[in-house]
Structure formats: C-alpha cells, structure tokens
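Residue 355 in full-length UniProt numbering sits at position 355 of the sequence shown; the count goes up by one each step and never skips. So the structure is just underneath, and the comments pick up after that.
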Amino acid sequence: MVGTDARTMGVEEEFLLVEPATGATVPAVARVLAEAAGRSLPSGAIVQRELRASQVETATGVCATAGELRSQLAALRQALAEVARRAGVVAVPMGTPPLTRDTTTDPIGGPRFARIDGAYAGVTRDYEACGLHVHVGVPDKDTAVAVVNHVNRWLPTLLALSVNSPLHGGRDTGYGSWRVVQQSRFPGSGLAPYAADHQAWQAEVARLVDYGVLADEDQSFWYARPAPRLPTVEFRIADTAATVDDALLQALLSRALVRTALADLERGREAAAIPPSDAQAAVWAASRYGPRGQAVDLGNRVPASAVVLLHGLLLHTRDALADTGDTDEVRALLSGQPRTGAQLQRDLAKVVGVAGVPRRMALSVGRGLEPSIAGYAGGVTQEGP
1 MVGTDARTMG
11 VEEEFLLVEP
21 ATGATVPAVA
31 RVLAEAAGRS
41 LPSGAIVQRE
51 LRASQVETAT
61 GVCATAGELR
71 SQLAALRQAL
81 AEVARRAGVV
91 AVPMGTPPLT
101 RDTTTDPIGG
111 PRFARIDGAY
121 AGVTRDYEAC
131 GLHVHVGVPD
141 KDTAVAVVNH
151 VNRWLPTLLA
161 LSVNSPLHGG
171 RDTGYGSWRV
181 VQQSRFPGSG
191 LAPYAADHQA
201 WQAEVARLVD
211 YGVLADEDQS
221 FWYARPAPRL
231 PTVEFRIADT
241 AATVDDALLQ
251 ALLSRALVRT
261 ALADLERGRE
271 AAAIPPSDAQ
281 AAVWAASRYG
291 PRGQAVDLGN
301 RVPASAVVLL
311 HGLLLHTRDA
321 LADTGDTDEV
331 RALLSGQPRT
341 GAQLQRDLAK
351 VVGVAGVPRR
361 MALSVGRGLE
371 PSIAGYAGGV
381 TQEGP
C-alpha cells in the first residue's frame, strides 16, 4: 500500500454489511465481493473480506497528498455503496453494530480467520467491530519501531477524535467507542509496549505467539505497530470513520505524527516508555468521553481535558503539517459543528430508533454522508462524546 517515503500514506476502512429493513448485520461479504469483481477501482485500491462475513474492507492505493487520498476514499465508498446495493445490503461506516447477533454460524473467510475465531471462542461471538487503519511510509523496520514509541502518547487523542461506536446490544453503551472496549478483551490490545529495536519487537510478538495468545505474528491488536508486511507504521486506534472528512483527518494527523517522530529521532530525542496503567487509563478515557471530556496526558502523567490534548497534538505536529501543506486542510476538517460519529448516531437514534441508525448512516449511491462531524475547538462539556 505505501512506500518508504514518509509523505506516502494509505487508508484501510472497515464497514458493516447490514440488511436495510431490519438494521441487523448479515453475512453477505461473498455476494459483495462477487459484485465487486472486475470493477474499476483507483490505482492500487482493493476491496476484501474481514474477520466476519458481515464485514468488508476497502484499502486505498499509495497516496502522497490530501487531495489524492480524499479522491480515493470517496471513489471507494461510492463503489462499495453500488456493489452492496446490488448484493441486497448496505455498507455502513459504524464501529459496532447497534443490534447484537450470534455470528458463530457465519462462514469464515479462510483458515487464518478460522484459526483466530477458534482461538478466542466466546470473545469473537458478537465481535463485528470496524476500525480505520492508516499506513504511513518509513525507511526501515527499526525506524518503524522507534516511531511507534514516539506516537504512542498521542494515540488516545486520535481515538477521541474518531469515536463512532456508541450503540451495541440494542442500547447506548455510554461510551463513544464501544469497539475499543470490545477489543480490550483480546490479548495484544492497547498501546504497544516499548521496544528498543525491531529485533526486540519481533521477540515480544514471537513470545506471545508461543504463549498461544496470538494466532500468528500478524495478529496483534496494538493501536500502532510496524506493519508486518509493509514498510510502514500502521495506526489502528481509530473507529471506522463516518465520513470521508473524518478518515482524511485521521490520515493527515497520523502522517504528521510520523514525520514529527522522524524529526525528533534525527535530533537524538528518544521516546519514554509509557507505564501500562497510564496507557490503559488514557485509552479508556478516550473511548468513554471522546473529544469533549476528561482525558489523560501521557506525556506529563496528569489529568487533562481532551480538547487541551488536541491543541497539544496540533502544536506538536505543526512543522510537519506545514511541511506537507496540510495545515489549512486540517484546520478546515477540525472546524464546523462539533459532533462526533458517536453523537451523530445518538442524534439519529432519537429520531429513528437504534435499529434505524444503520440505514441512515449507510453509504449511498451518488453521495457521501453529508454531515460535518469534525470540529472540536470549543464546546467542551462533560455530557459524553
């Protein structure tokens, strides 16, 4: 997906496949992929299966600019909306399905997914979580590990911006990102442990595989990691994005964090290890409150507000954003009505009920999801994300 140039980036988006009339997920990925076969997509882009047959993933090609990435994201969403319609379902950018069902009888996409599904038993029974993954090019694996050490402290802020999974089991969970709560049940989740180099990283992963808690060396749920098969740092913290704008914002901030980390490494600035209890607290607060409530400042080990940490992230990455010409784009994405995907879902649920939310959130042929749900510069409250 992405080369070794730290200007290059790519995005993977996961979507739920939903029966429009009921709002329930359906194991329709085989039909969707059959409809997608042979369809013209942006250069390097793909549509593929995910862990559950009720999910589908798109991946952009290698992009160097915000405009190029926006174009690919929009084209892929348009294509997916069309092929999903032909398959009799809708593709929905929600981090968790509002209605829970037992997925154990669903077909599994190949032996690797079957191995993962079998290893975790009941943990995966109602697991249909969808995330957004951003890849940013780096020169080599040792650099990738060093960059992960640097970006870890900012990952909860990226999560807070992305929250888009408040509904599950037919109710509002009270969390902005229930997806992250579900993922916390898996070993190898959370912020990655500090590693001195790629050899140390590989040893840590291999040990977890030997323990039997990871299915293979590609399978960890850590929220940033050196991509196992690509020359990239892979950000895995964000809920799947309700809009193209939200996906683009995650990508641009992720790229800026990588470029800032590379600059720090060139100056000899090494990252400090984050205590596991602090990391867990910061991720929990971000998943619970999103961008408007309390948070944990991992750099200073103090309580903070999420909006203050966002301003800190923008200050931290300002040189990198300027260097890639993204400053104005990021400001525009962060302006407007301060509403997250989680709040959008809650607002829709008041009108159409929980079961009706997926149909209203679904990708539609001929348009994207219109509401601007970024914009967190003000309006800090304790009312939830």
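Heads up, the beta-carbon is just placed ideally off N, CA and C, and yes, glycines get one too.
Item: Report the residue ranges of all beta strand (DSSP E) runs contained in full by the region 46-98; include only those spanning at least 3 residues, in chain order.; Value: 46-49, 55-59, 90-92
Item: Do P42 and G23 have their CB atoms nearer than 7 Å?; Value: no
Item: Tell me the residue span of the beta strand (DSSP E) that contains Q294.; Value: 294-297
Item: For E128, which residues in the same chain have their Cβ closer than 8 Å to its Cβ, ignoring the five residues on either side in sequence?; Value: L16, T25, R52, S54, Q55, T96, P97, T103
Item: To the nearest angstrom, report how far apart A28 and T340 are at their CA atoms.; Value: 28 Å
Item: Residues bridged to E12 by DSSP?; Value: A59, H133
Item: Rounded to whole angstroms, what's the CA-CA distance from V365 to A121? Just pull it up for me.; Value: 37 Å
Item: DSSP three-state call for G290: helix, strand or coil?; Value: helix
Item: If you reduce the DSSP assignment to three classes, tell me which class F113 lands in.; Value: helix
Item: Could you please give me the residues that DSSP links to L167 through a beta bridge?; Value: D172
Item: Looking only at its chain, what residues have a beta carbon closer than 7 Å to the beta carbon of V148, apart from the 5 residues adjacent to it on each side?; Value: A192, A224, R225, P226, V233
Item: Return the CA-CA distance between Y211 and F113, expressed in angstroms with no decimal places.; Value: 19 Å
Item: Compute the Euclidean distance between the alpha carbons of D218 and L230, then round it to the nearest angstrom.; Value: 11 Å
Item: Pick helix, strand or coil for S162, following the three-state DSSP scheme.; Value: helix
Item: Measuring CB atoms only, is the region 58-72 touching the region 6-15, in the sense that at least three cross pairs come out at less than 8 Å?; Value: yes
Item: Measuring alpha carbon to alpha carbon, tell me which of V47, I237, C130 ends up nearest V83.; Value: V47
Item: Using C-beta distances below 6 Å, list every residue in its chain close to R359, excluding the 5 sequence neighbours before and after it, in chain order.; Value: P20
Item: Quick check: the Cα distance between residue 405 and L363, rounded to an integer number of angstroms?; Value: Within the shown structure, residues of the chain are numbered from 1 to 385, placing residue 405 beyond reach of any answer.
Item: With DSSP run on the structure shown, which of helix, strand or coil describes D328?; Value: helix
Item: Bridge partners for R225 per DSSP, in chain order?; Value: E234
Item: Would you mind giving the Cβ-Cβ distance between A282 and V296, rounded to the nearest angstrom? I have them listed as a contact below 8 Å.; Value: 4 Å
Item: For my contact list, S305 and L159 are in at a C-beta cut-off of 8 Å; report their separation, rounded to the angstrom.; Value: In fact, because the Cβ distance is near 15 Å, the residues do not count as touching under 8 Å.
Item: How would you write the range of the alpha helix (DSSP H) that residue 388 sits in, first residue to last?; Value: Any question about residue 388 goes unanswered here, given that the chain covers just 1 to 385.
Item: Within this structure, are the beta carbons of A6 and L262 separated by less than 7 Å?; Value: yes
Item: Where does S277 sit, in a helix, a strand or coil, going by DSSP?; Value: helix
Item: Would you please state the rounded distance, in angstroms, between the beta carbons of G169 and T100? I believe it to be under 8 Å.; Value: 5 Å
Item: DSSP state of L265, grouped into three classes?; Value: helix
Item: Between P303, R171, V136, R292, which lies nearest to R259 when the distance is taken from Cα to Cα?; Value: V136
Item: What is the C-beta distance between S254 and V134, in whole angstroms, given that I count them as a contact (C-beta under 8 Å)?; Value: 4 Å
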